[in-house]
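Q: Sharing a structure with you now.
In the numbering used here, the protein residues as written are 796 to 1272.
Next up, the structure:
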């Protein structure tokens, strides 16, 4: 208790001895302290120390006292404002007409505001002691915009946004190169599919995962799968309000490594259901959200361990893992390979009697073959070709046999040498793969033990069923 009293006394002394904000900046309406500065004009600032950290205390377009120091001395166009903040206030601020190199500052989150000729006013909100937040506004009396996106490390350009609730969304696609996520795409009905051709190079051989959604289904939570200190890259996962999970990464077959799952944000309402991402060294990184970011746990830095520690891809035991139940499937759409020089079927799009869809393997919407109608009393037969040294198989043919007992062989010379594998319309189909190399198995059990949908349900519940509106803290005048 004496230590707490000493700490409290020290903080009060710091507050009383610090330079306070001039009364002219205080709101006449409710006494709260807020002020607006024009970024196209010179700017002065004051600072204050609190718990050993220096915070911005006040901003002004004129030098209102001897404690004011210039942070922008020239007039002219400023494209970007970068500011760093923690949970108590703003600790740094930079102006740049161009981009700004990334900075890693433990415990601090970065924000970027882009200005223009019509948006060059900056409103600051304080607690009467230090600046807590900065917003871009159109005029002195306008309502401020929503709080800017916070980044753990300031991202380079460009950034992109993935909408999680826009009406008309039919699904999401993830592009993977060497096991790393390199792009995300939101699908709508009747869209142009030429985006699949973007990039060239490694993109021509890229893995594409497709996650269809039904009407009324939206992304409700974003999770991550962590295997540190053994693997350096976390795997993002998107969970919908139907309990389905889209894993944006590979499955590592090492059962001796502890896996940790964290829910890093949730979208209880559709209004702010977006997340932002940036590209670093060709990979999607720097996730940020309109909603609360729960990654402020300040995990201690842990030394990476093992031969795989600095590798996020290319491991011999790494594969993409997909699975789907087969009961009530009414339609199958095969997807043919797109990689140069390759052949075969790389994935399936399945439609069920209730209208919802699932996928196994890889799926690109511009490489789908003709739909095939399912007869429940029949079977599906996959014609497979073994790769050298039995390292996997390639699916070269697919047939739906309308009734049990019929032969699958049709005398097609192109199918000579294929091994035919029977798949019944019950249980589940597991389709594990690494690029064109597959491992396909049928199981009588519909839901496997440890399925990711079940794991996240056990850990995170079903928040969309018990959600209650959360009241946002309104700091706008």
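Even for Gly, the Cβ is constructed at its ideal location relative to N, Cα and C.
1. Roughly how many angstroms lie between the CA atoms of residue 1063 and residue 1088, to the nearest whole one?
2. Helix, strand or coil: which one does DSSP assign to residue 1253?
3. Per DSSP, which residues does residue 992 bridge with? Please list them.
4. Given a cut-off of 8 Å, decide if residue 976 and residue 1044 are closer than it, judged by their beta-carbon atoms.
5. Anyone know if the C-beta pair for residue 1153 and residue 1119 falls short of 8 Å?
6. For residue 852, name the three-state secondary structure that DSSP assigns.
7. Taking the alpha carbon of residue 1170 as the reference point, which residue from 1113, 1190, 1160, 1196 has its own alpha carbon closest?
8. Can you find a C-beta in chain B that's less than 8 Å from the C-beta of residue 995?
9. Hey, how far is the Cα of residue 879 from the Cα of residue 1217?
10. Taking 6 Å as the limit between beta carbons, can you name the residues of its chain near residue 920, skipping five residues before and five after?
11. Among 914, 1245, 852, which has the Cα closest to the Cα of residue 1116?
12. Between the C-alpha atoms of residue 1230 and residue 834, what's the straight-line distance to the nearest angstrom?
13. In the DSSP assignment, find the beta strand (DSSP E) that holds residue 1243 and state where it starts and stops.
14. Using a Cβ-Cβ cutoff of less than 7 Å, which residues in the same chain neighbour residue 1068 once the five nearest sequence positions on both sides are dropped?
15. Could you give the first and the last residue of the continuous beta strand (DSSP E) run that contains residue 1113?
16. For residue 1036, which residues does DSSP report across the bridge?
17. Applying the criterion that 16 or more other CB atoms from any shown protein chain within 10 Å of the CB defines a buried residue, is residue 1132 buried or exposed?
18. Does the Cβ of residue 906 have 16 or more other Cβ atoms within 10 Å, making it buried, or fewer, making it exposed?
19. Could you pull the start and end residues of the beta strand (DSSP E) that residue 866 belongs to?
A: With the given structure in hand:
1. If I take the Cα positions, the gap works out to 13 Å.
2. Here residue 1253 sits in helix by DSSP.
3. Residue pairing by DSSP leaves residue 992 without any beta bridge partner.
4. Residue 976 is positioned such that its CB atom lies closer than 8 Å to that of residue 1044.
5. In this structure, the beta-carbon distance from residue 1153 to residue 1119 falls below 8 Å.
6. In the structure shown, residue 852 sits in a strand (DSSP, three-state: E or B).
7. Residue 1196 is the option with its Cα nearest to residue 1170.
8. No chain B is present in this structure, which holds just one protein chain.
9. Taking C-alpha positions only, residue 879 is separated from residue 1217 by approximately 59 Å.
10. The beta carbon of residue 920 is closer than 6 Å to those of 829, 927, 928, 1270 in its chain, skipping five residues each way along the sequence.
11. Of the candidates 914, 1245, 852, the one whose C-alpha sits nearest the C-alpha of residue 1116 is 1245.
12. Their Cα atoms are separated by approximately 51 Å.
13. Premise fails: residue 1243 is in no beta strand (DSSP E) and is neither H nor E.
14. Excluding sequence neighbours, residue 1068 sits near 959, 960, 1013, 1014, 1062.
15. From DSSP, the beta strand (DSSP E) with residue 1113 extends over 1113–1120.
16. Under DSSP, residue 1036 takes part in no beta bridge, so it has no partner.
17. Within 10 angstroms of the beta-carbon of residue 1132 lie 16 or more other beta-carbons, which makes it buried.
18. Residue 906 counts as buried, since no fewer than 16 other beta carbons sit within 10 angstroms of its beta carbon.
19. Its beta strand (DSSP E) spans residues 864–867.
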